[in-house]
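Trainee: For our numbering, count along the sequence shown from 1 and bump the result up by 8. Here a beta-carbon is modelled for each residue, glycine too, at the ideal position from N, C-alpha and C. Keep in mind the model is a prediction, meaning the values are calculated, not measured. Just passing along the structure, written as structure tokens.
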Amino acid sequence: MNTIMRKSVLSVAGLAFAGGVFAGPIAAHANPVDAKPVAAAVQSTAPKPQGEQSRITLNDEQTANVKAIIAATKKAGLPERAAVISIATSLQESKLENLGHLGDMNDHDSLGLFQQRPSSGWGTPEQITDPAYSTTAFLKGLKQVDGWQDMPLTQAAQTVQVSAYPDAYAQWEQQATDLVGQHWNS
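Encoded structure:
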């Protein structure tokens with residue numbers, strides 16, 4: 009056998025051996041006779057929550073607002089991820105409370121679950137303090153963000169809200185995800 013041929017055979021044999029070493033332990037545990045189909049968990053393409061997470065206990069009003077946000081999201085034909093972003097945004101902006109004018113404590117003329125401003129074109133005070141309307145307005149803005157489904161929650165929320173604290177939304181992602189999981193099908 010010439011040298012080139014021998015090196016080729018040895019290379020192929022080496023690759024076969026290496027493949028067997030790495031695949032062998034996995035394949036050794038497979039039992040094709042007893043193999044049964046197993047349900048696989050569906051992995052979300054949504055990014056994992058960023059940073060430290062915050063959590064609050066919700067009262068009946070806040071829970072009703074969660075359900076209103078989910079209902080508006082479903083009515084808009086959007087997926088659960090949109091509800092997660094909406095709820096996390098509302099948790100940051102108002103702690104899921106439908107806030108009216110807060111006088112000197114208010115940020116300009118911000119109102120409602122999302123602290124939307126009539127002077128910025130979000131709607132009238134009556135509209136903005138309607139959870140269904142304010143959620144639909146937020147979702148309309150979200151749908152205009154290219155790639156919102158796959159970007160970090162805080163980036164998607166900030167693109168719509170234009171907050172002075174753009175990273176603050178991230179802390180609510182886990183609670184928002186849990187709330188959507190709890191109420192999406194109820």
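Quick one: give me the first and last residue of the alpha helix (DSSP H) that A178 is part of.
Mentor: In this chain, A178 is not harboured by any alpha helix (DSSP H), its DSSP state being neither H nor E.
Trainee: Quick check: is any heavy atom of the ligand ADP less than 6 Å from the C-beta of V170?
Mentor: Looking for the ligand ADP in the displayed structure turns up nothing, as the structure carries no ligands at all.
Trainee: With three or more beta-carbon pairs closer than 8 Å as the criterion, would you say the region 141-153 touches the region 75-83?
Mentor: yes
Trainee: Would A164 and I64 be called neighbours here (beta carbons separated by less than 7 Å)?
Mentor: no
Trainee: Within 10 angstroms of its Cβ, does Y173 collect 16 or more other Cβ (buried), or is it exposed?
Mentor: exposed
Trainee: With contact counted as at least three CB pairs below 8 Å, one residue from each stretch, are the region 179-187 and the region 83-102 in contact?
Mentor: yes
Trainee: Take K148 as the anchor and find which of T137, P160 and T167 has the nearest alpha-carbon.
Mentor: T167
Trainee: Going by C-alpha to C-alpha distance, which of Q70, S171 and E88 sits closest to N193?
Mentor: E88
Trainee: Given this structure, state the Cα-to-Cα distance separating P133 from Q124, to the nearest angstrom.
Mentor: 9 Å
Trainee: Give the straight-line distance between the Cα atoms of G120 and L107, rounded to the nearest whole angstrom.
Mentor: 5 Å
Trainee: Can you grab the Cα-Cα spacing for the pair P160 / Q152, in whole Å?
Mentor: Roughly 16 Å between the two C-alpha positions.
Trainee: Under 8 Å by Cβ, that's how I've got V100 and W156 pegged, so tell me the actual separation to the nearest angstrom.
Mentor: The question names Val, yet the displayed sequence has Gln at residue 100. Distance from Q100 to W156 at the Cβ level is roughly 17 Å; contact not present, criterion being Cβ atoms closer than 8 Å.
Trainee: What are the start and end residues of the alpha helix (DSSP H) that includes T167?
Mentor: L161 to Q169
Trainee: Work out the CA separation of A72 and A84 for me, nearest whole Å.
Mentor: 18 Å
Trainee: Starting from G149, trace the alpha helix (DSSP H) both ways and give me its first and last residue.
Mentor: Element bounds for G149: P139 to K151.
Trainee: Is the beta carbon of D175 sitting closer than 7 Å to the one on T162?
Mentor: yes
Trainee: Looking at the structure shown, is D68 part of a helix, part of a strand, or coil, going by DSSP?
Mentor: helix
Trainee: Pick helix, strand or coil for L104, following the three-state DSSP scheme.
Mentor: coil
Trainee: Determine the DSSP secondary structure at L195, reduced to helix, strand or coil.
Mentor: Here the chain comprises residues numbered 9 to 194, so residue 195 is not present and cannot be evaluated.
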